[in-house]
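K.L.:
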């Protein structure tokens with residue numbers, strides 16, 4: 001449906017709406033009539049995050065967005081623990097603990113070490129602990 005009267009198409013000025021619904025076209029419509037273009041469109045392009053980086057960061061936050069998994073990270077703060085010790089810490093069955101540990105491992109938050117039939121878990125990188133400390137500091141602010 002095109003409205004060709006008085007030089008408009010679908011309610012926007014010709015030349016502003018490129019038909020893709022792009023951010024630049026939307027910003028152009030918002031600034032219509034102001035006599036200037038909204039901020040340089042190139043700024044928007046420069047600030048678009050890398051989708052792979054965002055997905056990786058999302059995986060970390062999703063892994064930490066659970067009370068039991070946060071408890072695991074706190075328990076591992078002072079050193080590695082066997083999976084059976086983590087069952088006691090979480091007061092949860094082996095299958096539940098294994099699921100939480102797998103999510104933490106997949107996100108790169110914990111690493112494993114096999115010792116015979118036992119699996120020991122430890123924090124993979126101190127950055128994980130720094131993230132937890134930051135969350136605690138932010139949570140303490142009111």
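In full-length UniProt numbering, the protein residues as written are 1 to 142.
No residue lacks a Cβ here, since even glycine has one placed at the ideal position from N, Cα and C.
Predicted model, so just to flag it, every value in this text is computed and none were measured.
Using CA coordinates, which residue listed in 137, 140, 139 and 121 is at the minimum distance from residue 69?
P.N.:
It is 121.
K.L.:
CB-CB under 6 Å to residue 133, same chain, minus the five flanking residues each way: which ones, in chain order?
P.N.:
None.
K.L.:
Evaluate residue 107 with the Cβ neighbour count: other Cβ atoms within 10 Å of its Cβ, from every protein chain shown; 16 or more gives buried, anything less gives exposed.
P.N.:
Buried.
K.L.:
Between which two residues does the alpha helix (DSSP H) carrying residue 106 extend?
P.N.:
That run of the alpha helix (DSSP H) goes 94-106.
K.L.:
To which residues of the same chain is residue 128 closer than 6 Å at the C-beta, ignoring the five residues directly before and after it?
P.N.:
These residues qualify, in order along the chain: 109.
K.L.:
If you reduce the DSSP assignment to three classes, tell me which class residue 62 lands in.
P.N.:
Three-state DSSP puts residue 62 in a helix.
K.L.:
In this structure, does DSSP put residue 115 in helix, strand or coil?
P.N.:
Strand.
K.L.:
How should residue 100 be labelled, buried or exposed, when 16 other C-beta atoms within 10 angstroms of its C-beta is the threshold for buried?
P.N.:
With 16 or more other Cβ atoms within 10 Å, it is buried.
K.L.:
Between the alpha carbons of residue 74 and residue 98, how many angstroms are there, rounded?
P.N.:
Cα to Cα, the separation comes out at about 17 Å.
K.L.:
Throw me the rounded Cβ distance for the residue 92 and residue 119 pair, which I believe falls under 8 Å.
P.N.:
So it is not a contact: roughly 16 Å between Cβ atoms.
K.L.:
Run the CB neighbour count on residue 54, radius 10 Å, all protein chains shown included, and call it buried at 16 or more, exposed below.
P.N.:
The residue is exposed, with fewer than 16 neighbouring Cβ atoms inside 10 Å.
K.L.:
Please classify residue 138 as buried or exposed, where buried requires at least 16 neighbouring CB atoms within 10 angstroms.
P.N.:
By the neighbour-count rule (16 or more Cβ atoms within 10 Å), residue 138 is not buried but exposed.
K.L.:
Could you pull the DSSP bridge partners for residue 122 from this structure?
P.N.:
In the DSSP output, where bridge partners are listed per residue, residue 122 has 111.
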